[in-house]
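Engineer: Protein chains in written order, with UniProt numbering: chain W, 1 to 300; chain R, 1 to 300; chain Y, 1 to 300.
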Amino acid sequence: MLFYIVLLYCCSLAGVLSQLSIHSRHGRECVSPCFSLQQRNNSTSPKIKVDLDNSTGVAVLRMQSPPVNSLSLDFLTEFCINLEKLEMDKSCRGLIITSTLSKVFSAGLDIMEMYGKSPERCGEFWKAVQEMWLKLYGSNMATIAAINGSSPAGGCLMSIGCDYRIMADNPRYSIGLNETQLGIVAPFWFKDTLVNTVGNRAAELSLELGLLYSAPDALKIGLVDQLVPEDQVLSTAQDTMSKWLAVPDHITKSMMRKQTIDKLLSNREADITNFVSFITKDSIQRSLRMYLEMLKSRKA
Amino acid sequence: MLFYIVLLYCCSLAGVLSQLSIHSRHGRECVSPCFSLQQRNNSTSPKIKVDLDNSTGVAVLRMQSPPVNSLSLDFLTEFCINLEKLEMDKSCRGLIITSTLSKVFSAGLDIMEMYGKSPERCGEFWKAVQEMWLKLYGSNMATIAAINGSSPAGGCLMSIGCDYRIMADNPRYSIGLNETQLGIVAPFWFKDTLVNTVGNRAAELSLELGLLYSAPDALKIGLVDQLVPEDQVLSTAQDTMSKWLAVPDHITKSMMRKQTIDKLLSNREADITNFVSFITKDSIQRSLRMYLEMLKSRKA
Amino acid sequence: MLFYIVLLYCCSLAGVLSQLSIHSRHGRECVSPCFSLQQRNNSTSPKIKVDLDNSTGVAVLRMQSPPVNSLSLDFLTEFCINLEKLEMDKSCRGLIITSTLSKVFSAGLDIMEMYGKSPERCGEFWKAVQEMWLKLYGSNMATIAAINGSSPAGGCLMSIGCDYRIMADNPRYSIGLNETQLGIVAPFWFKDTLVNTVGNRAAELSLELGLLYSAPDALKIGLVDQLVPEDQVLSTAQDTMSKWLAVPDHITKSMMRKQTIDKLLSNREADITNFVSFITKDSIQRSLRMYLEMLKSRKA
């Protein structure tokens, strides 16, 4: 059952647990005063902050949507608009993605986008998730994830969509495509990206068990490339980026990733249909409601 | 020449060597009194014993066909019938495969099924080998191989057909797709399963040299997932299984393996034809006869 | 810009640097007296020496084209003729490739073949590069690279085209497909061969950054299989070869590599067209001229 599984999932997030919560786009959907407050803040301030250094050609994209940088439709839309702007800006050659929040990079897809929504809205949301991955995995810029906190599910997808991953050397931070633990099957392009990163067998184990890896374990299987002390994640990313930008160009990247990207491009509608028909099932919706009520009672 | 190669193969099996022998289905085909005796036993008793624990939903399948759990047509048929029963039993969600024999998990395909048999019979045998793999690799149950002894060739195929492999921590036990050492080319789906497990390069080396790996070496290349003391293989498998069964479902497994399984399904007849035309060659049959005569003289 | 990048490349070759130079097929194209001298020598002596030991069935192919065993059209043609002869010689079952030069196995493709040449000539050259790889990667012989010096770019391609790689245990020697550093994109079959050897992620990092690995680092990622003291590279290759030849046959090898080879075979003309249109671009030719002038001034 989704109910106890999500519970497991929370427990496994350890450091993030105390802050983990669900927020929605509209005040009236909020499940507790706490969320409501956050929503008001979010509605007036951007969820993402981008600083482009014209002297180096490197942009830093900071995710700043408390409490856990959930990937809501609004968040994803803002993310994609920013990515597209940078992509078209010839002066920008490198992108570093990081978080302004303490202890969390991104907790992944916003569960509120999947609960009580119309099929149309669910489809719109999923299309935005696809768009985020397509833009990131296929970016012409050199991309580095500066993972300064936990990064489960969609946060992990965002990380492995980059060219290089630097994570805070803190065993309390975890990363992984743990959708299976949530009763959700990772779609084929999540799977393909993970296989490309850690190989077939590690991906199989990881996806079948919905594993979250501590930072040191993530390094061992190659899910991240490097661990550094927490306060050096961003500066190391900057140093590493200068090495990437010293390389003439990145046609090679497109050669490595084209097949994986083309597979989603030619199956995009079917993938949306699959997601919508799964997530709008009564059984799945019931589980989500139980989960939300549990969260509410914990807050009370 | 197959002759000296099979000799090499025996030598490499070390611990199993003293027991290694060939048995047949019918008394009249027996090549020594010793085999005959074993055959009488086998004809009246099942080669496989299955215990399903309804409280946990976990079945333990014990291979108990002395001397070495050879995969004969009878054995494979019994194996597949048992697997199918468990697959259809909704109360069974996990399967552990192990051996009741000392020092051996399974020595692989029964050579007597390939010697002096009609093409029809050889084809029937090969179809049963395919069926075993298709049922195991594509099982909806969580499957764990509790490898409590050596597991060459077909025994290795059975192991890598499972979701997880726990092996006795004994350097005298070995595992590997060593068909090449026997003058036999591993078919493409053996190769695909191995590549999925240990990656392309390790599979290439392994298959081209027909390598058998000691338990510690098998762990190093990822051919098995875990080593434990010999007397804890089964109990560790039980503990591990409970973790697998805590995960909601296994659609992910089908997504990971579908392509590999479909490749055999759409080439099944051609694969049988290939095997039959190879194994019925005069040169191969001559080598097999020399091998059998050598075994007879060793016994005398 | 290619200019400064090639400079980087030279620096990374360290030990080879002092000797690195460009040579051409015709005296009139020589860019310095030094090259001219080498050319005269080369025109009268073979660039490759082959010794076949009929008692073992093992041929040793020695590359002896100073200063750095550059893969010129002449060199490649000689290489392919020798390979074809050995392939057709039933008494030859194993091939060891090594270098007679100090500190370098092969520095890769000869840059002079790409500068100031007609499209037809460039196409002829590229076809020879393809031919070398097709013959080596698809060889029916067991092939071992005895890498007794640095082996960048095309030298690395030649190495990973073999079945097994033994490298001198010297951290000053490096190996890798560093074409990206030279402003050149490795073609898809370079990429495929590397992925087959070190896996997708290591290949991606390696190609996107144009990395050269020191011998110890190359061992770590599986780019070479074994390191031995410099004076034991060839003898270890001989010992290893005897193990490979003890295995009955190598149909397995063809099964492992067929798909990768077929991909080039069915795209051969397009691959040549791509290369020619890229290398004959004005911008690329300008960069090559700047590089050659820099080399000239260094020599002066």
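For each residue, glycine too, the CB sits at the ideal point set by N, CA and C.
1) Beta carbons nearer than 9 Å to chain W: which residues of the stretch 159-185 of chain Y have them?
2) Can you list, in chain order, the residues of its chain whose CB lies under 6 Å from that of I97 (chain Y), leaving out five sequence neighbours each side?
3) Run down chain R in chain order and give the residues with a C-beta less than 9 Å from the C-beta of L207 (chain W).
4) Determine the burial state of A246 (chain R): buried for a count of at least 16 other Cβ atoms within 10 Å of its Cβ, exposed for fewer.
5) At a Cβ threshold of 8 Å, is L13 (chain W) touching chain R?
6) Identify each residue in the stretch 220-251 of chain R for which the Cβ-Cβ distance to at least one residue of chain W is less than 9 Å, and report them in chain order.
7) Run through chain Y and tell me which residues come within less than 7 Å of R289 (chain R), C-beta to C-beta.
8) Measuring only the C-alpha atoms, how far is K127 (chain W) from F79 (chain W)?
9) Does any C-beta atom of chain W lie closer than 8 Å to the C-beta of G210 (chain Y)?
10) From G57 (chain W) to I48 (chain W), what does the alpha carbon distance come to, in whole angstroms?
11) From W189 (chain R) to D249 (chain W), what does the alpha carbon distance come to, in whole angstroms?
12) Touch check for the stretch 153-160 of chain W and the stretch 219-234 of chain R: three-plus C-beta pairs under 8 Å?
13) Measuring straight from C-alpha to C-alpha, what distance separates L207 (chain W) and L177 (chain W)?
14) Consider the Cβ of K191 (chain W): report whether some Cβ of chain R lies at a distance smaller than 8 Å.
15) Which ranges would you report for the beta strand (DSSP E) in the stretch 120-147 of chain W if only whole runs of at least 3 residues count?
16) Based on Cα-Cα distance, which residue from W:S139, W:M63, W:L109 and W:E120 lies nearest to K85 (chain W)?
17) Quick check: is the beta carbon of G199 (chain R) nearer than 8 Å to any beta carbon in chain W?
18) Look at the alpha carbon of I175 (chain W) and the alpha carbon of L134 (chain R), and state the distance between them as a whole number of angstroms.
19) Distance, Cα to Cα, S70 (chain R) vs S99 (chain R)?
20) Which one of R:Y213, R:T240 and R:S65 has the shortest CA to CA distance from L109 (chain R)?
21) Hey, I160 (chain R) and V233 (chain R) are a contact pair by Cβ (cut 8 Å); roughly how many whole angstroms apart?
22) In chain order, what residues of the same chain have a beta carbon less than 6 Å from the beta carbon of K243 (chain W), not counting five sequence neighbours either side?
23) Taking 8 Å as the cut-off, decide whether the C-beta atoms of E113 (chain R) and L73 (chain R) are in contact.
24) Can you give me the start and stop residues for the beta strand (DSSP E) that L61 (chain Y) sits inside?
25) Between which two residues does the beta strand (DSSP E) containing T98 (chain W) stretch?
26) Quick one: does E204 (chain R) have its CB under 8 Å from some CB of chain C?
27) Any idea if T252 (chain Y) is buried or exposed, counting beta-carbon neighbours within 10 angstroms, 16 or more meaning buried?
28) Report yes if the C-beta of N148 (chain R) is less than 7 Å from at least one heavy atom of the ligand ZN; otherwise report no.
29) Counting only runs of 4+ residues fully inside the stretch 149-196 of chain W, write out the alpha helix (DSSP H) ranges in chain order.
30) P46 (chain Y): which of Y:S55, Y:T77, Y:N54 and Y:A59 sits nearest, CA to CA?
31) Note down, in chain order, every chain Y residue with its Cβ under 9 Å from the Cβ of F188 (chain R).
32) Quick one: give me the first and last residue of the alpha helix (DSSP H) that L227 (chain Y) is part of.
33) Whole angstroms are fine: how far does the CA of A186 (chain Y) sit from the CA of C122 (chain Y)?
34) Inspect the beta-carbon positions of V68 (chain R) and L101 (chain R) and report whether they are closer than 8 Å.
35) Between the alpha carbons of M256 (chain Y) and L194 (chain R), how many angstroms are there, rounded?
36) N196 (chain R) touches chain W at which residues, Cβ-Cβ below 9 Å?
Structural biologist: According to the structure shown:
1) Taking 9 Å as the Cβ-Cβ cut-off against chain W, the residues of the stretch 159-185 of chain Y that qualify are E179, T180, Q181, L182, G183, I184 and V185.
2) As a first step, residue 97 (chain Y) must be located in the third sequence, where it is residue number 97. For I97 (chain Y), where only same-chain residues beyond five positions count, the Cβ hits under 6 Å are L61 and A145.
3) Taking the first sequence and counting its residues from 1, one reaches residue 207 (chain W) at position 207. L207 (chain W) reaches chain R at T252, K253, M255 and M256, counting residues in chain order whose Cβ is nearer than 9 Å.
4) The residue you call residue 246 (chain R) lines up with position 246 of the second sequence. Exposed, by the Cβ-count rule.
5) In the first sequence, counting from the first residue as 1, residue 13 (chain W) sits at position 13. Because the pLDDT of L13 (chain W) is 32, which lies under 50, any placement of that residue in the model is unreliable, and the question is left without a value.
6) Against chain W - using a Cβ distance shorter than 9 Å - the residues of the stretch 220-251 of chain R are G222, D225, K243, W244, A246, V247, P248, D249, H250 and I251.
7) For this step, residue 289 (chain R) is matched to residue 289 along the second sequence. Chain Y residues near R289 (chain R): none, gap ~17 Å exceeds 7 Å.
8) Start at 1 with the first residue of the first sequence, and residue 127 (chain W) comes out as number 127. Start at 1 with the first residue of the first sequence, and residue 79 (chain W) comes out as number 79. Those two C-alpha atoms are separated by around 13 Å.
9) Counting from one through the third sequence, the residue named residue 210 (chain Y) turns up at place 210. Yes, G210 (chain Y) counts as interfacial toward chain W.
10) For the purposes of this step, residue 57 (chain W) is taken as residue 57 along the first sequence, with counting starting at 1. For the purposes of this step, residue 48 (chain W) is taken as residue 48 along the first sequence, with counting starting at 1. Rounded to whole angstroms, G57 (chain W) to I48 (chain W) spans 19 Å at the Cα level.
11) Taking the first residue of the second sequence as position 1, residue 189 (chain R) is located at position 189. Taking the first residue of the first sequence as position 1, residue 249 (chain W) is located at position 249. About 39 Å.
12) Of all C-beta pairs linking the stretch 153-160 of chain W to the stretch 219-234 of chain R, fewer than three are shorter than 8 Å, placing the two stretches out of contact.
13) For the purposes of this step, residue 207 (chain W) is identified with residue 207 of the first sequence, where counting begins at 1. For the purposes of this step, residue 177 (chain W) is identified with residue 177 of the first sequence, where counting begins at 1. Cα-Cα distance, rounded: 7 Å.
14) Translated into positions along the first sequence, residue 191 (chain W) becomes position 191. So yes, K191 (chain W) belongs to the interface.
15) Entirely contained in the stretch 120-147 of chain W, the beta strand (DSSP E) runs reaching 3 residues are, in chain order, 142-147.
16) Counting from 1 along the first sequence, the entry for residue 85 (chain W) is found at position 85. Nearest option by C-alpha distance: W:S139.
17) For the purposes of this step, residue 199 (chain R) is taken as the residue at position 199 of the second sequence. Chain W, which has a Cβ nearer than 8 Å to the Cβ of G199 (chain R), makes this yes.
18) Locating residue 175 (chain W) in the first sequence gives position 175, counting from the first residue. Locating residue 134 (chain R) in the second sequence gives position 134, counting from the first residue. Those two C-alpha atoms are separated by around 33 Å.
19) Indexing the second sequence from 1 puts residue 70 (chain R) at position 70. Indexing the second sequence from 1 puts residue 99 (chain R) at position 99. Their backbone Cα atoms lie some 11 Å apart in a straight line.
20) As a position in the second sequence, residue 109 (chain R) is number 109, starting the count at 1. If we check each option's Cα against that of L109 (chain R), R:S65 comes out closest.
21) Reading the second sequence from its first residue, position 160 is the one you call residue 160 (chain R). Reading the second sequence from its first residue, position 233 is the one you call residue 233 (chain R). Contact between I160 (chain R) and V233 (chain R) does not hold, since their C-beta atoms are separated by about 17 Å, which reaches or exceeds 8 Å.
22) Position 243 of the first sequence, counting from 1, holds the residue named residue 243 (chain W). Within the same chain, K243 (chain W) has no close Cβ partners at all.
23) Locating residue 113 (chain R) in the second sequence gives position 113, where the first residue counts as 1. Locating residue 73 (chain R) in the second sequence gives position 73, where the first residue counts as 1. Cβ distance < 8 Å, so E113 (chain R) and L73 (chain R) count as in contact.
24) The count along the third sequence starts at 1 and reaches residue 61 (chain Y) at position 61. Per DSSP, L61 (chain Y) is one residue of the beta strand (DSSP E) stretching across V58 to M63.
25) Along the first sequence, read from residue 1 onward, the residue named residue 98 (chain W) stands at position 98. Element bounds for T98 (chain W): G94 to S99.
26) Although the question refers to chain C, the structure presented lacks it and instead comprises the protein chains W, R and Y.
27) In the third sequence, the residue the question calls residue 252 (chain Y) occupies position 252. Buried, since its Cβ has 16 or more Cβ neighbours within 10 Å.
28) Only the bare structure without any ligand can be found here, which leaves the ligand ZN out of the picture.
29) Within the stretch 149-196 of chain W, the complete alpha helix (DSSP H) runs of at least 4 residues are 154-160.
30) For the purposes of this step, residue 46 (chain Y) is taken as the residue at position 46 of the third sequence. Nearest option by C-alpha distance: Y:T77.
31) Counting from 1 along the second sequence, the entry for residue 188 (chain R) is found at position 188. Taking a Cβ-Cβ cut-off of 9 Å, the neighbours of F188 (chain R) in chain Y comprise M255, given in sequence order.
32) On the third sequence, residue 227 (chain Y) is found 227 positions in, with the first residue counted as 1. It is not in any alpha helix (DSSP H) - L227 (chain Y) instead sits in the beta strand (DSSP E) that spans Q226 to V228.
33) Locating residue 122 (chain Y) in the third sequence gives position 122, counting from the first residue. Locating residue 186 (chain Y) in the third sequence gives position 186, counting from the first residue. About 16 Å.
34) As a first step, residue 68 (chain R) is located in the second sequence; it is residue number 68 there, counting from the start. As a first step, residue 101 (chain R) is located in the second sequence; it is residue number 101 there, counting from the start. Taking 8 Å as the Cβ cut-off, V68 (chain R) and L101 (chain R) qualify as a contacting pair.
35) To locate residue 256 (chain Y), count along the third sequence from 1; it is residue 256. To locate residue 194 (chain R), count along the second sequence from 1; it is residue 194. Straight through space, the alpha carbons of L194 (chain R) and M256 (chain Y) are spaced by roughly 11 Å.
36) Indexing the second sequence from 1 puts residue 196 (chain R) at position 196. Result: N200, R201 and E204.
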